[in-house]
Amino acid sequence: MIYNTTRTYRDIDKAVDDLVGQQFGLLHKIKNGSIGSEPFVISACSPDFDIDFNDIDYNRKCNLELRPKGVIIHFRKNSSSFIWPIPFHHLTIYKSGRIISIFENTSYLKIKTLVHRKKDSPFIQRLLEAKSIFTEQYHII
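My numbering numbers the first residue of the sequence shown as 18 and each following residue consecutively.
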C-alpha cells in the first residue's frame, strides 16, 4: 500500500512500523553503515503509482530505506511525498542491465541508477543480504 507522508500521521507511522519494523537505532547505523540508498530514477511503474514519465529525471527520483523486516521506497509526486513499505516476504527483486525491478504482489517499480557503475549498487547488495537473513529465520524443512 502506498501512503501519502506529506504530513505526519501517527496511524500511518504505526502501520508502517508494524509492517516493516521500526527504524534502526544510531548504534546499528554506526556499526553496519548507511541504511539508505543513493538516489534512483523511476523508469516504469504499475498504474497505482500514477507517475508522469514526461517529467525530467529529477522529478522521478526515489530512495530506498532498509528496515528490520522490509524496505521502504520514498518518492515524490508533484509536491507530495509518498512511501511504499514492502515487507521482505512480499519483496521480489530482479536486475536486468541497469534496470532494477521491485515487485510486491501486483505492484511494481522499475528503477535505474543515476550514475552508471561497473558494480551493482552497494545498497542493493545489502538489501539482498538482509532479505536472505530474514527469510532464513522462517526456513521450513
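All C-beta atoms, glycine included, are put in the ideal place defined by N, C-alpha and C.
Source: prediction; values computed, not measured.
My understanding is that residue i touches residue j, with C-beta atoms under 8 Å, so please give their C-beta distance in whole angstroms.
i	j	result
I128	I59	6 Å
F99	F151	24 Å between Cβ atoms; not a contact.
G50	G87	Contact doesn't hold; Cβ gap of about 18 Å is too wide.
T109	F120	4 Å
S97	T25	In fact, because the Cβ distance is near 13 Å, the residues do not count as touching under 8 Å.
S124	T130	Going by Cβ atoms, the distance from S124 to T130 rounds to 21 Å, so no, they are not a contact pair.
Is residue i buried or exposed, if buried means 16 or more other CB atoms sit within 10 Å of its CB?
i	result
L81	buried
L126	buried
R84	buried
R77	buried
P102	buried
I52	buried
I141	buried
Note the first and the last residue of the continuous alpha helix (DSSP H) segment covering residue i.
i	result
E146	P139 to E153
L108	Careful: L108 lies outside any alpha helix (DSSP H), inside the beta strand (DSSP E) at L108 to S113.
I29	R27 to V37
Check for me: the beta strand (DSSP E) holding residue i runs from which residue to which?
i	result
R93	G87 to K94
V132	First-last for V132: undefined, no H or E at that position.
Taking C-alpha atoms, which residue in the options lies nearest to residue i?
i	options	result
I117	Q154, S96 and P56	P56
R115	T23, S124, H107 and K136	K136
R143	I89, W101, S54 and N21	S54
A32	I89, L44, K94 and P64	I89
N95	N122, S113 and F66	F66
N122	D30, V132 and S63	S63
A61	C79, H133 and K46	C79
S149	I47, K48 and H107	H107
Would you list the residues sitting across from residue i in a DSSP beta bridge?
i	result
G53	E82
F99	N21 and F92
S118	Y111 and K127
I59	I128
Consider the Cβ of residue i: report whether some Cβ of chain D lies at a distance smaller than 8 Å.
i	result
S149	Within the model displayed, chain D is absent; a lone protein chain is all it includes.
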